[in-house]
Amino acid sequence: MLEALVADAVNNPDAKEFKIELCEVDLGGTKHWASAAVGRNGSFRIEGYDLGAAPEMAWNSDDYEFNHTVSPAGARKMLAELIRERFAGDPSTFGNIADWLKEKGIESSFSAYL
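Next comes the structure, spelled out in structure tokens:
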């Protein structure tokens, strides 16, 4: 399912946003869904939805929706920090990032100067 969502987002550049599903799990009486999206303007949003016993006990309603939005400037900083956490401190970082981009099917270009 995740692969289909990513493929749809990549193949549809006019889409309003690039969205992926992060999880869909049954937590023993409560179903939980979470997704992340990058808006056309560069903002980032993570959203979730719980259905079942947990929200019923907490709020007397069997469903609970929530989201967290990051501005485009904050999303750029978030991306840089995530890259730092994932790749920093390794002398083979450049190659690792290039390999990761290729593995994920993310188009990139390479240039070098001597």
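Residue numbers for the sequence shown follow the working numbering, so the first one is 3 and each next one is one higher. We put the beta carbon where it would ideally sit given N, CA and C, even for glycine. The model shown is predicted, which means the values in this text are computed figures rather than measured ones.
Round the Cβ separation of residue i and residue j to the nearest angstrom and send it over; I've been treating them as touching at under 8 Å.
i    : j    : result
R42  : K18  : 6 Å
S94  : S73  : The pair is not a contact, with the Cβ atoms about 33 Å apart (cut-off 8 Å).
V40  : A90  : Incorrect: roughly 23 Å between the Cβ atoms, too far for contact.
L116 : S110 : With 8 Å as the limit, L116 and S110 do not qualify as a contact, their Cβ atoms being about 21 Å apart.
From the DSSP output, which residues share a beta bridge with residue i?
i    : result
N98  : None; N98 has no bridge partner.
E19  : G41
W35  : E26, Y51
F112 : DSSP lists no partner for F112.
N69  : E49
Looking at the unbroken alpha helix (DSSP H) that takes in residue i, where does it start and where does it end?
i   : result
G76 : 74-89
Go through its chain and collect everything with a Cβ distance to residue i's Cβ below 6 Å, but skip five positions before and after it.
i    : result
A114 : none
E1   : In the structure as shown, the chain begins at 3 and stops at 116. Residue 1 is therefore absent and cannot be evaluated.
Within a Cβ cutoff of 7 Å, which residues of the same chain sit near residue i, ignoring the five residues on either side of it in sequence?
i    : result
E26  : W35
L24  : A36, S37, A38
N98  : F89, D92
D64  : L53, G54, P57, E58
I108 : none
M2   : Residue 2 lies beyond the residue range present for the chain, which begins at 3 and ends at 116; the question has no answer from this structure.
Suppose the cutoff is 8 Å on Cβ atoms and the five residues either side in sequence are ignored; what does the same chain contact list for residue i look like?
i    : result
F112 : A100
N69  : R47, I48, E49, G50
(request) Specify whether the region 51-59 and the region 28-43 touch according to this definition: at least 3 beta carbon pairs, one from each stretch, less than 8 Å apart. (result) yes
(message) Check whether the region 79-92 and the region 58-65 touch, using three or more Cβ-Cβ pairs below 8 Å as the test.
(response) no
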